[in-house]
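Its first residue numbered -1, the sequence shown is counted upward by one per residue in the numbering used here.
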Amino acid sequence: MSEAIKNDAELEVVDSRAIMQEFDRESNVRVFTGWRKKIITALMAAFSLYMIAMALVFPTATKYTKLTTFMAFIVFIGFLIFPAYKNQTKKINHVPFYDIILAIAGSGCFLYYTIFQEDIIMMSKRIGTLQMIVALVAILLLVELVRRAVGLPIIFVAGAFVIYAAVKAYMDNPNTAFRNLMYGLFYDVSNGLFSTPVYVCTTFIVLFIILGALLEKTGIGTFFVDLANSVAGSSVGGPAKVAVISSALEGMYSGSSVANTVGSGSITIPMMKKTGYKPEFAAAVEAAASTGGQIMPPIMGAAAFLMSEMTEVPYSKIAVAAILPAFLYFMGIFLMIHFEAKKLGLKGLPKDAIPNFFKLILKNGYLLLPIVVLVICMNYFSAGVSACFAILVSLIVSLVPREINKKTAWRFILPLIPVAVTLGIWLPFGAKNMQIAVFAGMIVCALLSFVSKGHAPLDPETVIGSLENGAKNTVGVAAACGMAGLISGVVTMTALGQLLINTLVPIAENSTFLALLLTMLCCIVLGMGVPTTANYVIMATITAPILIKMGIPVLAAHMFVFYFGIVADITPPVALAAYAGSAIAKSNPLKTGVTATRLAITAFIVPYIFAYSPQMLIGIDTGVHTPWYDVVLLVITAICGIYIISAGMEGYMFKKMPVWERIMALSGGLLMIIPGWQTDIAGVVLMALVFVLQKIGQKKEKYNNISKAA
């Protein structure tokens, strides 16, 4: 690699980091060097290793121990790496004394619960003054950490709910109001801070975040870009299609819209601009595709794990149910890119720049093994254990040497060693020692990384760096989950959920569409300032029960909320993923956000389809038998509808569309998407009419061009 290219690569890394810090609060962390960096890195790596050990070696530890020690780690690490103000990140190796005090005090409060859990359980609601003070300090310090790592909007939302709970508790009994409030918010692990969101974060989410960090470190992202290039690079408008495919694949392990946009966008956006796409369009393509990564099976976003817990539907079934909606989402973006490229007369990449698909699969296809193993394990084990299996396979795969020659041939033995150790512990002793065998395999891989250094992707820096990034990326999610837990706890403690159902259902006047529309607006508005995970918990607690009450199946209602919480990342005026993309493309942020929303129009339509026709969510029990041919017809009409809508949105199919043709195309597409044979027939007629008119117009244009040339 030439010196100029190296310098460009370094500049790109610096730019990416700056963009992440500007648009992603979780990236606004302190910078450490020297011995301080080693201490912080060791602390965060120890946390990730502890969480893996909790899942595999100590699965029988009490719920109280797991949750409280997890939050103790989160608060301690959080105050060390997240500064009180953004400008403090410029000071290298600077941790104010008060942050050290806050870190110790916060973790101490949670560890107090760990140490005295038996006494606290015996006390129940009869907790004393000391316990109330500990709970209050812990909650206040968590709020401060959320302010630093997540932002103020979620604090305002949670604060309003807590004030409501406090007023209600005071009205019920002024003498015990504060005691009951502190017990309900902090010590009751079924509700409050330690309820479902933090439990799921401890059990599943943290392990998938570590897996994502490891996959990122071992270079699977580059493989996905090359794979997408080999499939779509040479087609019309190839670079944009590459961005969609690679972002969809990377989204399988990346749970952040902004991180995904910046990570793959630093490669794909310049490629799109060079091909001829406008900067706003290039940035919007990457933002829309990256945001869709959170709905892309098999991993999806962190909120999907919460959905599994809240709906009591196995995660594997949720991943299967999400396949068709995710396909329709990315197909809509893909089609609009295609029509835009045809409209602008853009070409694909030259053939000599396209890698050979089969050679690529033969050479690097093994990098997909962790995801394949994850999908298989999901059918037999819990999500947490499945993630651990995928982590082990990622480590083993990363031991494969980069190059083959006589001197390095013996290194092919290295990946076989952890396999032998894992099977050697697992098979003779049966399922009883399976999890310990997996953990032992991970340790062996970590030790072998010293031997493989310089010859394989796995080296000590990769192992430690993955564990460190896993911990760092968990802090913001866990803090947001804590706040979401307070909100859901208040809803449960005060019966606010039932009150809202009784109030809002009559307002909707039994109009399912009105209830869906109001839910969509609430999700998008709330999502502008609240992370996807917290947004999902809040809306799933408040509005999903209303949709269920109105006859929508449980999973369809929760998926509806999930989808619209995600698209908030590309919906102006606060479209963080779109703004991050615009920073790379150097485009107008607002125009980029509007364009991203237009490209992602499918995301605003598909949830309504599965709300009215839940059979689109493959494998879920709707309570009504649906013939297979009805499902096939639904899929075909949805695909055709999205095709014609994409053409109408872009104003181009075979030639530029006049306004009245665009209206016909959009109307026909919507009619085909709305369930019912009458609307399907009307939609097909309009689609056929637009198709014929476009073909006739295309022939006329060709004839006129030939005549002019003659």
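Beta carbons: idealized from backbone N, C-alpha and C, even for Gly.
With a CB to CB cut of under 6 Å and the five nearest residues on each side skipped, what residues in its chain are close to residue i?
i	result
Arg146	Phe80
Cys107	Val132, Val135 and Ala136
Lys589	Glu278
Ser580	Ala281, Pro587 and Thr590
Thr492	Ala163 and Lys166
Thr539	Ser486 and Val489
Ser314	Met376 and Asn377
Ala444	Val461
Gly563	Cys521, Gly525, Thr530, Asn533 and Tyr534
Asn5	With a pLDDT of only 39 at Asn5, under 50, the local geometry of the prediction cannot be trusted, and the value read off the model is given with reservation. Taken in chain order, the list of residues that qualify is empty.
Just verifying my parser: in three-state terms, what is the DSSP assignment at residue i?
i	result
Lys654	strand
Lys584	coil
Lys451	strand
Asp457	coil
Pro312	coil
Met376	coil
Asp186	coil
Lys589	helix
Val55	coil
Phe30	coil
Glu8	With a pLDDT of only 39 at Glu8, under the threshold of 50, the placement of this residue in the model should not be trusted; the figure read from the coordinates follows. Residue state, collapsed to three classes: helix.
Ala2	Unreliable positioning characterises Ala2 in this predicted model, as indicated by a pLDDT of 35, which lies under 50. A coordinate reading is not provided.
Met670	helix
Ile38	helix
Ala554	helix
Phe410	helix
Asn471	helix
Is the beta carbon of residue i sitting closer than 9 Å to the one on residue j?
i	j	result
Met334	Arg596	yes
Ser255	Ser288	yes
Ser46	Val148	no
Gly646	Met670	no
Ser306	Val449	no
Phe77	Leu41	no
Val559	Leu574	no
Thr58	Gln115	no
Leu412	Leu397	yes
Val196	Gly649	no
Residue i: buried (16+ other C-beta within 10 angstroms of its C-beta) or exposed?
i	result
Gln496	exposed
Val371	buried
Glu284	buried
Glu699	exposed
Asp350	exposed
Met180	buried
Asn91	exposed
Pro504	exposed
Ala7	The pLDDT assigned to Ala7 is 37, lower than 50, so where the model puts this residue is not dependable; a value taken from the coordinates is nonetheless given after this. By the neighbour-count rule (16 or more Cβ atoms within 10 Å), Ala7 is not buried but exposed.
Asn702	exposed
Gly236	buried
Leu150	exposed
Gly422	exposed
Lys123	exposed
Leu9	Note on Leu9: pLDDT 38, under 50, position unreliable in the model; the coordinate value appears next. It is exposed - the Cβ of Leu9 has fewer than 16 other Cβ atoms within 10 Å.
Ser193	buried
For residue i, which residues in the same chain have their Cβ closer than 8 Å to its Cβ, ignoring the five residues on either side in sequence?
i	result
Gly695	Phe652 and Lys653
Leu691	Glu659
Leu484	Ile137, Ala156, Phe159, Val160, Leu183, Gly190 and Leu191
Gly32	Asn91
Pro625	none
Ala680	Gly666 and Leu669
Would you grab the beta carbon distance between residue i and residue j for me? Rounded to a whole angstrom, and I think it's under 8 Å.
i	j	result
Leu755	Thr273	Because the chain here runs from -1 to 708, residue 755 falls outside it and cannot be looked at.
Ile616	Ile321	6 Å
Ala478	Ala418	With a Cβ gap of about 41 Å, Ala478 and Ala418 do not count as contacting.
Ile297	Tyr561	That pair is no contact at about 16 Å.
Lys451	Val27	Lys451 to Val27, Cβ: 27 Å. No contact.
Val436	Phe511	48 Å between Cβ atoms; not a contact.
Met537	Leu524	7 Å
Met308	Leu390	So it is not a contact: roughly 29 Å between Cβ atoms.
Excluding the five sequence neighbours on either side, which residues of its own chain have a C-beta within less than 7 Å of the C-beta of residue i, listed in chain order?
i	result
Val592	Pro570
Lys61	Val187
Ser665	Leu684
Glu466	Thr39, Met42 and Ala43
Ile394	Pro413, Pro416, Val417 and Cys443
Glu1	Any reading at Glu1 must be qualified, since the residue scores a pLDDT of 37, below 50, and its modelled position is unreliable; the value itself is stated next. Hits under 7 Å: none found.
Gly382	Ala53, Thr201, Phe202 and Leu205
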